[in-house]
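The block underneath contains the structure these notes are about, expressed in structure tokens.
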Amino acid sequence: MSEPSFPRPFWVSAVNALGRALERLGVRPFKLDPESLLEEARRETGLTDFGPDGFREGLELFCSDLERECELHPIGRFLAHQEVLTVLVNRLQVHDWIRRHPEIREQEIREPLFVTGTPRSGTSILHELLAQDPRHRALLTWETQYPCPPLGDRTPPDDPRIRRSDRRVKLWPKIVPEYQTMHEMGGDIPQECIFLTDHDFKSEHWGGSYNLPNYSLWLVETDMRPALEYHKLHLQLLQWRSAPRRWVLKAPSHLSYLPALFDVYPDARLVWTHRDPLATVSSSTSLVRALVAIRTDELPPAAELSAGIAELSAVRFAEVVAQRDAGEIPEAQICDMLYQDLMDDPGRTLARVYAHFGLELNRETRESMLAYLRAKPQGKHGRHRYTFEDTGLDAGEERARFASHIARFGIPEEVRADS
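Using my numbering, the first residue of the sequence shown is number 55, and each one after it goes up by one.
In structure tokens, the structure reads:
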């Protein structure tokens with residue numbers, strides 16, 4: 055089995071070398087202990103109310119793993135500091151706006167449409183296609199990072215927050231160029247709503263970007279409802295001062311806490327995308343290793359990472375199927391969609407999703423969706439190269455592990471069991 059690496063530009067090595075030289079001299083500019091970060095957020099905003107204190111446990115575990123487990127290179131340390139400080143500043147500002155305008159909490163998030171499924175199963179492109187419907191509103195990257203002030207429909211197209219967000223997220227593929235073949239980044243494009251649960255420090259975004267063994271174990275057992283309550287509050291803030299439209303939201307991690315999601319959003323509609331698990335495991339392994347490479351030189355072994363992703367996927371699939379069969383989550387509000395159907399006949403597949411929820415997909419909207427797809431073919435930013443062999447897993451064993459799931463949903467196989 056090969057162990058794929060991620061070449062980085064010379065400037066990355068040069069900046070990291072300079073940063074390490076400064077560290078040897080005792081200069082470490084980006085503090086990652088919770089109290090320093092909390093105080094920095096207070097100084098930056100002049101505010102002190104972070105809202106409910108439940109976020110602090112996750113913050114402390116996250117920061118502890120950053121310092122003790124991650125072996126961040128200097129650029130990675132800068133990125134971690136930037137990400138944590140951003141969500142702390144946002145907590146202060148969001149709760150300040152709510153304090154001054156309590157009517158924001160009265161905003162109704164009506165029948166939001168969530169897209170979920172394992173990573174690399176078509177969730178991103180489906181999310182973007184649904185966002186082409188003028189009756190829908192997608193969460194944009196800059197809105198997750200800089201929601202305040204909430205200008206609503208008066209937000210100018212040249213708002214400096216959009217440019218700031220764009221520069222920020224486009225740094226990632228500049229550090230690891232191969233990342234741009236895996237996932238498009240931009241300040242003004244639809245973004246995963248997992249970045250909202252970041253604000254309560256209960257988020258798989260952290261675990262997928264950093265080596266966080268203790269935080270990740272804690273996250274599996276934690277109650278996601280407080281994080282989803284903040285998620286809703288963030289949407290209410292953004293919706294305030296805006297014409298009401300249906301929110302279209304997306305995060306693969308929602309699969310792990312669907313009962314909590316439906317508790318917070320009881321009228322939610324949910325599309326679960328399905329793809330050959332052997333294909334998603336191999337693609338996800340490559341993606342996670344690239345994300346980690348943006349922040350550290352110490353990458354998780356592909357075989358170890360793949361085994362963990364496969365096991366977690368199997369557990370999640372079984373849990374969600376059991377929840378559906380037991381009536382713990384509303385079956386009528388869930389639509390199953392095959393990745394291969396979307397690739398083979400996107401117009402028909404989108405129409406079926408709409409029909410499942412009793413929605414109309416008119417010709418104009420359908421054509422705008424298909425035009426968007428034609429303008430964004432697979433591989434537009436280069437081909438994402440990965441193989442199942444890179445995982446170190448046995449295809450036959452994995453095919454057996456997922457056999458009942460594949461049979462239940464009629465998922466076409468992409469990886470041969472004898473590969």
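Beta carbons are placed, not taken as given, at the ideal position from N, Cα and C, and that holds for glycine.
Using a Cβ-Cβ cut-off of 7 Å (strictly less than) and excluding sequence neighbours within five positions of residue i, which residues of its own chain qualify?
| i | result |
| --- | --- |
| residue 387 | 322, 323, 324 |
| residue 175 | 327, 328, 329, 334, 393 |
| residue 62 | 229, 230 |
| residue 94 | 139 |
| residue 66 | 129, 229 |
| residue 98 | 143 |
With a threshold of 6 Å on Cβ separation, who are the neighbours of residue i within its own chain once the five nearest residues in sequence on each side are excluded?
| i | result |
| --- | --- |
| residue 101 | 146, 150 |
| residue 368 | 455 |
| residue 397 | none |
| residue 186 | 422, 423, 426 |
| residue 447 | 360 |
| residue 120 | 86, 134 |
| residue 320 | none |
| residue 352 | 125 |
| residue 459 | 371 |
Figure out for me which residue from the options has the closest Cα to the Cα of residue i.
| i | options | result |
| --- | --- | --- |
| residue 453 | 191, 392, 365 | 365 |
| residue 85 | 379, 425, 130, 238 | 130 |
| residue 136 | 425, 349, 403, 377 | 349 |
| residue 128 | 105, 68, 303, 355 | 68 |
| residue 164 | 208, 354, 297, 224 | 297 |
| residue 451 | 382, 331, 466, 353 | 331 |
| residue 122 | 76, 217, 87, 262 | 87 |
| residue 200 | 223, 465, 404, 384 | 223 |
| residue 385 | 313, 218, 64, 219 | 313 |
| residue 155 | 343, 292, 431, 410 | 292 |
| residue 429 | 182, 96, 60, 73 | 182 |
| residue 465 | 216, 262, 395, 336 | 395 |
| residue 468 | 336, 70, 108 | 336 |
| residue 262 | 343, 279, 216 | 343 |
| residue 188 | 180, 117, 410, 420 | 420 |
Does DSSP classify residue i as helix, strand or coil?
| i | result |
| --- | --- |
| residue 308 | helix |
| residue 244 | strand |
| residue 72 | helix |
| residue 87 | coil |
| residue 383 | coil |
| residue 390 | strand |
| residue 323 | strand |
| residue 287 | helix |
| residue 56 | Per-residue confidence for residue 56 stands at a pLDDT of 47, beneath the threshold of 50, marking its modelled position as unreliable; the derived number appears in the next sentence. Coil. |
| residue 138 | helix |
| residue 185 | coil |
| residue 272 | helix |
| residue 424 | helix |
| residue 473 | The predicted model places residue 473 with a pLDDT of 48, which falls under 50 and marks its position as unreliable; any figure quoted below should be read in that light. Three-state DSSP puts residue 473 in coil, outside helix and strand. |
| residue 194 | strand |
| residue 411 | coil |
| residue 455 | helix |
Would you grab the beta carbon distance between residue i and residue j for me? Rounded to a whole angstrom, and I think it's under 8 Å.
| i | j | result |
| --- | --- | --- |
| residue 256 | residue 412 | With 8 Å as the limit, residue 256 and residue 412 do not qualify as a contact, their Cβ atoms being about 33 Å apart. |
| residue 250 | residue 288 | 5 Å |
| residue 238 | residue 248 | That belief does not hold up - the Cβ atoms of residue 238 and residue 248 are roughly 16 Å apart, past 8 Å. |
| residue 236 | residue 115 | The pair is not a contact, with the Cβ atoms about 28 Å apart (cut-off 8 Å). |
| residue 374 | residue 309 | 6 Å |
| residue 284 | residue 254 | 5 Å |
| residue 294 | residue 204 | 6 Å |
| residue 177 | residue 306 | 6 Å |
| residue 159 | residue 290 | 6 Å |
Should residue i be counted as a contact of the ligand SAH given a C-beta to heavy atom distance under 8 Å?
| i | result |
| --- | --- |
| residue 100 | Inclusion of the ligand SAH in the displayed structure is not the case, the ligand content being empty and no account of it being possible. |
Below 9 Å between beta carbons: does that hold for residue i and residue j?
| i | j | result |
| --- | --- | --- |
| residue 338 | residue 444 | no |
| residue 166 | residue 378 | no |
| residue 134 | residue 126 | yes |
| residue 161 | residue 193 | no |
| residue 346 | residue 268 | no |
| residue 206 | residue 148 | no |
| residue 196 | residue 241 | yes |
| residue 170 | residue 304 | yes |
| residue 390 | residue 463 | yes |
| residue 108 | residue 355 | no |
For residue i, which residues of its own chain have a beta-carbon under 8 Å away from its beta-carbon, when the five flanking residues on both sides are left out?
| i | result |
| --- | --- |
| residue 474 | An answer regarding residue 474 cannot be provided, because it is not within the stretch 55 to 473 covered by the chain. |
| residue 473 | Confidence is the limiting factor: at residue 473 the pLDDT is only 48, short of 50, which leaves the residue's position unreliable, though a coordinate-based value still follows. Result list for residue 473: 442, 443, 449, in chain order. |
| residue 190 | 167, 184, 299, 300, 301, 302 |
| residue 213 | 196, 205 |
Report yes or no: is there a C-beta of chain C within less than 9 Å of the C-beta of residue i?
| i | result |
| --- | --- |
| residue 333 | Included in the structure is just one protein chain, with no chain C present. |
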